[in-house]
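Notes follow the structure.
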Amino acid sequence: MSDWEAFERALETPEGRSELLWAEGRPRFVLTARQFDRPWVDRLFATATALRRLDRTDAGRARLRAALADRRLFLLFAQPSTRTCESFAAAAHKLGATVRVVSDLSASSFSKGESVEDGLRTLATFFDGLVVRHPDPTFAVQAAFAMSRSPWPMPIVAAGSGTREHPTQALLDLYTLLERLEGRGGLAGKRLLLIGDLGRNRAARSLLDLLVHYELGGLELVSHPDHPLQEDVLQAYRAAGVPVASHRTVAAAVAAVGPALDIVYVTRLQQEWDRAPGSLGTASDYVLEPAYRERLRDDLLILHPLPRVNELPTAWDDHPGFLGWRQMRNGLWVRAALLAHVYGVEGALTGSGRT
Ligand code: NCD
0 MSDWEAFERA LETPEGRSEL LWAEGRPRFV LTARQFDRPW VDRLFATATA LRRLDRTDAG
60 RARLRAALAD RRLFLLFAQP STRTCESFAA AAHKLGATVR VVSDLSASSF SKGESVEDGL
120 RTLATFFDGL VVRHPDPTFA VQAAFAMSRS PWPMPIVAAG SGTREHPTQA LLDLYTLLER
180 LEGRGGLAGK RLLLIGDLGR NRAARSLLDL LVHYELGGLE LVSHPDHPLQ EDVLQAYRAA
240 GVPVASHRTV AAAVAAVGPA LDIVYVTRLQ QEWDRAPGSL GTASDYVLEP AYRERLRDDL
300 LILHPLPRVN ELPTAWDDHP GFLGWRQMRN GLWVRAALLA HVYGVEGALT GSGRT
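Numbering of the sequence shown is given in numbering that gives the first Met the number 0, commencing with residue 0 and proceeding in unit increments.
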C-alpha cells in the first residue's frame, strides 16, 4: 500500500490491522489495543509470567539478558512520562537491549522540519526499534507507514498516542486484572466502574478496547460531562451484549451499584489537553472518596494508570484490592514480553520453541 490515507483507513478494519500490523504472527507495529485478540493476549501474558520467573535465578537472568543482547531501541517520549518510559527502558535492560531515550524533540531533526518518513528512515539506520509517545495521534501511525515502505524497516511500539491509544497500558492493566481474578472466575460477569474524562483518556479507552473480549457483566461510567466517552467504544460493548450505564457522579454510581462492583478504574483528568489548564486535580464528583469504602466490597479491585492527582486519595492504598503499584511492576514484565514477541525470541526464552 503506497498511499497514506489508504493506510490510515485500512487500520480502521480488523482485516487491515491484521495485514498491516502483523507479520508471521508477530506484531511489526503496536499501534492500538484493537489489534489484539484474546488468544494472542493469552500467549503474551504466559510469556510475561515466564520472564518474571526467569528473573528469579542467576541462570534465568543470564538467559533473559542474552535475548536481545545486540539490539538497540530508541525511546522517543514527546510527552511527559515516568512509568511508561522507565518500564520500557527497564524491560529492554532485562532482555539485554540498550536504549537511547530522547524526550526533548528540539534536540532532534524533527524540529528542523524533517518529515516523519525521513526521520524514521534515519533512526532505522541506527536502531532496531522505536517506542514512541506523542501528542499527535497520527505520529506512531506515520512512523509505521514510513517503515512499511522502507527496505530497512524496524518495529514501532506506541507508548501513548494522542488521546486515543495506549495499547501497552491496556495490556498491563488487563494482565493485572487477570492475575488478581485467577480463582475468581476471571473477568466474565464482573462489573467495572470507570471514572474520569473518559472521552480523552487514552488509558481508559485502550483498556475498553481489550476488555470487550472478556464478557464483562456490566460497564458503569462516570465521565466528565465535557469529555464523554465516544460512541464507537461503547458500540462494541452494546454489540457484545454488555449492559452499559452512565452516572453523573462517583457518589451516584456508588449509591446505585456500589456493592455490586468488582473493579474500579480511576483516572486523572487529562488537563494537559486544556487550553488553559488552571489548577490540577478534580472536583469531588470525579473522586473516589474514602467515605465510599463502606459501600464497596473488600474484594473490589482498584486500579489507576498513575500518575494520580486527587482523584484516588492515598487513603485507598491500604485497601486489599488497591493495585496501583502492582500495575506498575507488571508493566515491566508485560512490556518485556511484548518486546520478546516483537523480536520473535519468546519461544527460545520460555522453552516452548514457538517463535
Ligand atoms: C497515562 C498516560 O500517559 O496516558 N499514564 C501512564 O502511561 N501510566 C495516564 C495518565 O497520564 O493519566
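Glycine included, every Cβ here is placed at the ideal spot set by N, Cα and C.
None of the values given here were measured: they were computed from a predicted structure.
If you check the CB distance, ARG163 and ARG204 come in under 8 Å.
Pairing GLY118 with ALA5, the inter-Cα distance amounts to about 21 Å. Here the region 330-347 makes contact with the region 32-46; the two share three or more CB pairs at distances below 8 Å.
Residue side-chain check: GLY277 keeps its Cβ at 7 Å or more from all non-hydrogen atoms of the ligand NCD. Rounded to whole angstroms, the gap between the alpha carbons of ARG37 and LYS111 is 42 Å. Under a 10 Å Cβ-count criterion, LEU279 is classified as exposed, with fewer than 16 other Cβ atoms of the shown protein chains found around its own Cβ. Taking a C-beta distance under 8 Å as the contact criterion, TYR285 and VAL221 qualify as a contact pair. According to DSSP, residue pairing for GLU164 in a beta bridge involves SER160. A distance below 6 Å between beta-carbons, with the five flanking residues on each side excluded, links GLN34 to the following residues of its chain, in chain order: ARG16 and LEU20.
Only exposed fits GLY182, as fewer than 16 other CB atoms lie within 10 angstroms of its CB.
PHE76 places its beta carbon 8 Å or farther from that of ARG334. With contact defined as three or more Cβ pairs closer than 8 Å, the region 179-197 and the region 257-274 are in contact. Residue LEU218 holds the alpha-carbon nearest to the alpha-carbon of LEU260 among PHE28, LEU180, LEU218 and LEU10.
In terms of side-chain proximity, the C-beta atom of PRO304 is found nearer than 7 Å to a non-hydrogen atom of the ligand NCD.
Distances from the alpha-carbon of LEU191 to those of ARG328, PRO134, ASP298 and SER107 put ASP298 closest. The Cβ atoms of GLY128 and LEU72 lie closer than 8 Å to each other. By the Cβ rule, the region 301-313 does not count as touching the region 57-64, because fewer than three pairs are nearer than 8 Å. Taking the Cα of PRO289 as reference, the smallest distance to any Cα among ALA275, GLY161 and PHE321 is reached at PHE321. In this structure, VAL253 lies near LEU295, with their beta-carbon atoms less than 8 Å apart. Given a length threshold of 3 residues, each whole run of the beta strand (DSSP E) inside the region 162-227 is given here in chain order: 190-195 and 217-222.
Collapsing the DSSP output to three states places ALA65 in a helix. According to the DSSP secondary-structure assignment, THR97 is paired through a beta bridge with ARG71. In this structure, LEU74 and VAL98 form a Cβ contact; the two beta carbons are roughly 5 Å apart against a cut-off of 8 Å. Scanning its chain for C-beta atoms nearer than 7 Å, with the 5 sequence neighbours on each side dropped, one finds no residue around ALA251. Relative to the ligand NCD, ARG267 has its C-beta within less than 7 Å of a heavy atom. In the three-state reduction of the DSSP assignment, TRP3 falls in the helix class, which pools H, G and I.
Proximity to PHE125 across GLY277, ARG325, PRO26 and ARG70 peaks at ARG70, based on C-alpha coordinates. Secondary structure note for VAL341: its alpha helix (DSSP H) is the uninterrupted segment 323-341. Shown here, PRO304 sits in coil according to DSSP, grouped into three states, outside any helix or strand.
One thing to note: PRO79 has its Cβ no nearer than 8 Å to the Cβ of ALA123.
Between GLY343 and THR12, the alpha-carbon positions lie close to 25 Å from each other. For the 8 Å CB-CB criterion, THR281 and VAL308 form a contact. For secondary structure counted as the alpha helix (DSSP H) over 4 or more consecutive residues, the region 227-288 holds these complete runs in sequence order: 230-238 and 249-256. Of the candidates SER147, LEU207 and SER160, SER147 places its Cα closest to the Cα of ALA22.
DSSP places ARG132 in no alpha helix (DSSP H) but in the uninterrupted beta strand (DSSP E) bounded by 128-133. At least one heavy atom of the ligand NCD lies closer than 7 Å to the C-beta of HIS165.
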